[in-house]
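Protein chains: 2
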Amino acid sequence: MTEENKKIDKNTRKQIEMTLEGVRIEFPSQRPILLLKEKNGNRYLPIWVGAFEASAIALEISNIKTPRPMTHDLIVNIFKELGIKVETIEVCDIKDNTFYAYLNLRYLDDKKIKIDSRPSDAIAIAVREKCKIYSSEHVLKLAGIEIQTIEDEIKKFRDFLDHVTPEDFNKEL
Amino acid sequence: MTEENKKIDKNTRKQIEMTLEGVRIEFPSQRPILLLKEKNGNRYLPIWVGAFEASAIALEISNIKTPRPMTHDLIVNIFKELGIKVETIEVCDIKDNTFYAYLNLRYLDDKKIKIDSRPSDAIAIAVREKCKIYSSEHVLKLAGIEIQTIEDEIKKFRDFLDHVTPEDFNKEL
Chain P
3 MTEENKKIDK
13 NTRKQIEMTL
23 EGVRIEFPSQ
33 RPILLLKEKN
43 GNRYLPIWVG
53 AFEASAIALE
63 ISNIKTPRPM
73 THDLIVNIFK
83 ELGIKVETIE
93 VCDIKDNTFY
103 AYLNLRYLDD
113 KKIKIDSRPS
123 DAIAIAVREK
133 CKIYSSEHVL
143 KLAGIEIQTI
153 EDEIKKFRDF
163 LDHVTPEDFN
173 KEL
Chain S
3 MTEENKKIDK
13 NTRKQIEMTL
23 EGVRIEFPSQ
33 RPILLLKEKN
43 GNRYLPIWVG
53 AFEASAIALE
63 ISNIKTPRPM
73 THDLIVNIFK
83 ELGIKVETIE
93 VCDIKDNTFY
103 AYLNLRYLDD
113 KKIKIDSRPS
123 DAIAIAVREK
133 CKIYSSEHVL
143 KLAGIEIQTI
153 EDEIKKFRDF
163 LDHVTPEDFN
173 KEL
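Protein chains in written order, with our numbering: chain P, 3 to 175; chain S, 3 to 175.
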């Protein structure tokens, strides 16, 4: 590998800490979308997700409790009972418009494992575990949107979350 | 506890092996329902479930593969990577028309743990792990339907599964 290639490789593999700005339903497509923001920068990563996973994220960040454990609650309950810690999650790649992510798990004190996951599941778990969310620089380069004045868009996410109910996503909840 | 009460307690806690007859959408309500059958008997247990969980069960038993791991695939991938075995699942109770279940997990060779779960999640996991499904006698007594000639109903489930697509449950898949 040349010095130049090494630099590119190192740069694209760099992990950038992200914050979850929110999740909302985009009109008129009615498709749910989640928005990550670079913690120390101006790049945003919009990711289309399924209605069920969007609901799982929105319920948790809106602090809405369901009477029975939903599927992502079940996952974190399993982690808790077995002493498995979710250290971080990372959106690691994008291919053919599909985002890839993984969970970084630690168990038995020192064993570490990466589990392949859709970003929506990974983030639904991250908001429950309150763990850090990363994106690779590679993904941000390919799919990040750098906008200085995105306030109106962000406000839409926040307004939506202020009034979200489970029915906004899925009448079967 | 009297001898009579002990007998009742022992009987209601008895575990009955069940088979999954299928899952389908009930019309006109359009609510998904799954049907368990007593393996060595004539009692059936119909359980209303969410569209997402019904889809997770139907996709697996219809052997439809999705390009990326769906949420229940993620759960069994985590189990596989961490050496956790799902020994059985059990529908253990019904209260206020809500069914309760748990997963019986074994890990680190000999440790066993029960995890509280909705039956829909438990069964979506059971069909992937190919583990046995049980119901407590107590639940079957309260919610089981004993019908000798239920063939027409069963046929509806089987016909539905013969033609199921992910879109039957959830357009976001």
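Beta carbons: idealized from backbone N, C-alpha and C, even for Gly. Owing to the predicted nature of the structure, the values given are computational and were not obtained by experimental measurement.
Through-space distance from residue j to residue i, alpha-carbon basis
i      : j      : result
P:N44  : P:S122 : 22 Å
S:D15  : S:H140 : As written in the sequence, residue 15 of chain S is Arg, which differs from the Asp given in the question. Computed Cα separation, rounded: 6 Å.
P:G85  : P:R120 : 23 Å
P:K82  : P:F159 : 30 Å
P:K173 : P:E148 : Only weak support exists for where P:K173 lies, its pLDDT of 44 falling under 50; the value from the coordinates is given anyway. P:K173 and P:E148: Cα-Cα distance of roughly 35 Å.
P:I35  : P:I49  : 6 Å
P:D98  : P:F162 : 29 Å
P:A53  : P:R33  : 7 Å
P:V78  : P:Y46  : 27 Å
S:N65  : S:C133 : 16 Å
S:D112 : S:E89  : 12 Å
P:I115 : S:K157 : 44 Å
P:A56  : S:N42  : 41 Å
P:I63  : P:H165 : 12 Å
Bounding residues of the beta strand (DSSP E) (the contiguous stretch that carries residue i)
i      : result
P:K41  : Here P:K41 belongs to no beta strand (DSSP E), and DSSP marks it neither H nor E.
S:V88  : K87 to K97
P:I125 : Careful: P:I125 lies outside any beta strand (DSSP E), inside the alpha helix (DSSP H) at P121 to E131.
P:V25  : Q17 to E28
S:Y138 : Reading off the sequence shown, one finds Ser at residue 138 of chain S, where the question assumed Tyr. Run containing S:S138: K134 to S138, per the beta strand (DSSP E) assignment.
Where the alpha helix (DSSP H) containing residue i begins and where it ends
i      : result
S:F54  : A53 to I63
P:F101 : Where P:F101 is concerned, there is no enclosing alpha helix (DSSP H), although the beta strand (DSSP E) it sits in stretches over T100 to Y109.
P:I80  : T73 to L84
S:K67  : First-last for S:K67: undefined, no H or E at that position.
Chain S contact for residue i (CB, 9 Å cutoff)
i      : result
P:F29  : no
P:R120 : yes
P:F54  : yes
P:R70  : yes
P:L36  : no
P:L142 : no
P:D95  : no
CB contact check: residue i to chain P, cutoff 9 Å
i      : result
S:H74  : yes
S:E83  : yes
S:E174 : Model confidence at S:E174 stands at a pLDDT of 40, short of 50, so the residue's coordinates are unreliable and nothing is read from them.
S:Y46  : no
S:T21  : no
S:T100 : yes
S:Y109 : yes
S:D123 : yes
Burial state of residue i (16 or more Cβ within 10 Å)
i     : result
P:E28 : exposed
P:T73 : buried
S:S31 : exposed
S:D75 : buried
P:I80 : buried
P:E23 : buried
Proximity to residue i [Cα-Cα], best of the options
i      : options                          : result
P:Q17  : P:N106, P:E148 and P:G24         : P:N106
P:A128 : P:S31, P:A58 and P:L142          : P:A58
P:K87  : P:K39, P:K157 and P:L110         : P:L110
P:D95  : P:I156, P:Y136, P:L22 and P:L163 : P:Y136
P:K39  : P:G52, P:R130, P:K67 and P:V25   : P:V25
P:A145 : P:K116, P:D161, P:V93 and P:A124 : P:V93
S:V51  : S:D164, S:A126 and S:D112        : S:A126
P:T100 : S:T68, S:Y46, S:A60 and S:A56    : S:T68
S:R130 : S:D112, S:A103 and S:I91         : S:I91
P:D118 : S:I156, S:K132, S:L142 and S:R70 : S:R70
S:M20  : S:S138, S:H165 and S:K157        : S:S138
S:A193 : S:K113, S:R108 and S:L37         : Outside the displayed range of chain S (3 to 175) lies residue 193 of chain S, so it cannot be described from this structure.
S:A103 : S:K114, S:I115 and S:A124        : S:A124
CB contact below 9 Å: residue i versus chain A
i      : result
S:L105 : Looking for chain A here will not work: the only protein chains present are P and S.
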